[in-house]
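> Quick one: structure below, then a few questions.
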Amino acid sequence: MNALRRMMLLSLLAAGLLVPVVMAQTYPHAFPRTGVAKLFENERVIAWDVKWLHDVPQPYHRHQYDMAGVYTVYGPIQVIGLDGTVAPITPFAVPRPYFQPKDITHKEEATGLAGAPVREAVMLDLKEGSFAPVTRAGTPVAFPRDGAAKAIDNARVVEWDYVWIPGRPVETRIYERDAVEVFFDGGTLRYRTPDGKEETRTFARKDARFIPRGTIRSEEAVAGAPRAVIVELK
Numbered sequence: 023m024n025a026l027r028r029m030m031l032l033s034l035l036a037a038g039l040l041v042p043v044v045m046a047q048t049y050p051h052a053f054p055r056t057g058v059a060k061l062f063e064n065e066r067v068i069a070w071d072v073k074w075l076h077d078v079p080q081p082y083h084r085h086q087y088d089m090a091g092v093y094t095v096y097g098p099i100q101v102i103g104l105d106g107t108v109a110p111i112t113p114f115a116v117p118r119p120y121f122q123p124k125d126i127t128h129k130e131e132a133t134g135l136a137g138a139p140v141r142e143a144v145m146l147d148l149k150e151g152s153f154a155p156v157t158r159a160g161t162p163v164a165f166p167r168d169g170a171a172k173a174i175d176n177a178r179v180v181e182w183d184y185v186w187i188p189g190r191p192v193e194t195r196i197y198e199r200d201a202v203e204v205f206f207d208g209g210t211l212r213y214r215t216p217d218g219k220e221e222t223r224t225f226a227r228k229d230a231r232f233i234p235r236g237t238i239r240s241e242e243a244v245a246g247a248p249r250a251v252i253v254e255l256k
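If you count by the numbering used here, then the sequence shown holds residues 23 to 256, one letter each, in order.
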């Protein structure tokens, strides 16, 4: 920059006629990254299979969506803030339903933890928008139901921890909200719809699937005692 141009800019700044522009730091979204695979995406959610791999450097990132999910394996990780602060490592039991608001910025790494298990989860990025519940007269809603423990209830989601017990079929119910089932214990379920159609499906740990609002069916465990966290979307 020549001397004349520099003097003109300094004069404009002194007169308040030129405002310096400071570029805000931007960060990538939390996902995808190393150790993370997309399970599915639709108009309501993006579902991710997340593993915090040992000794894999991760970037600082910003969670651009509210996030719900389920930890399925506990392993210690370091959560590091932008100022370098490391959050305390606090063990927890699994399955652990989870919710985090958007705009959290940090990085998460499993470093220096030889012999520790790899933490795993299914995480759901919650897209903006909501839909009115769908009900049908005379048909109970999917949740609450006997044996379902409510884990989280806020403006975005209700999360339920539920085990299907063999010999205890669930009566015909309607899913009033879009929902995501995340399985913790595997097993086989049989579904029947009001028109007589029947489907049998076997699930394993970390299987996740979307259930559209308005789905009506009965449910019965026919092998094992499947356990899942069901995330209802508001």
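Just so you know, even glycine gets a beta-carbon here, dropped at the ideal spot from N, CA and C.
1) Tell me whether T48 sits in a helix, a strand or coil according to DSSP, three-state version.
2) If I measure Cβ to Cβ from A226 and keep anything under 8 Å in the same chain, skipping five residues before and after, which residues do I get?
3) Could you tell me whether the Cβ atoms of A59 and D71 are closer together than 8 Å?
4) If we ignore side chains and look at the alpha-carbon of each, how far apart do R249 and R212 end up?
5) Enumerate in chain order the residues of its own chain whose CB-to-CB distance from P162 is below 6 Å, with the five nearest sequence positions on each side excluded.
6) With R141 as the anchor, note down where its beta strand (DSSP E) starts and where it stops.
7) By how many angstroms is the C-alpha of F114 removed from the C-alpha of P139?
8) In three-state DSSP terms, what is L135?
9) In the DSSP assignment, what residue or residues form a beta bridge with Y96?
10) Does DSSP classify W186 as helix, strand or coil?
So, from the data block:
1) coil
2) Within the same chain, A226 has close Cβ partners F205 and G208.
3) Yes.
4) One Cα belongs to R249, the other to R212, and the distance between them is close to 14 Å.
5) R195
6) R141 to L148
7) 13 Å
8) coil
9) BP columns for Y96 are empty, so no partner.
10) W186: coil per DSSP, three-state reduction.
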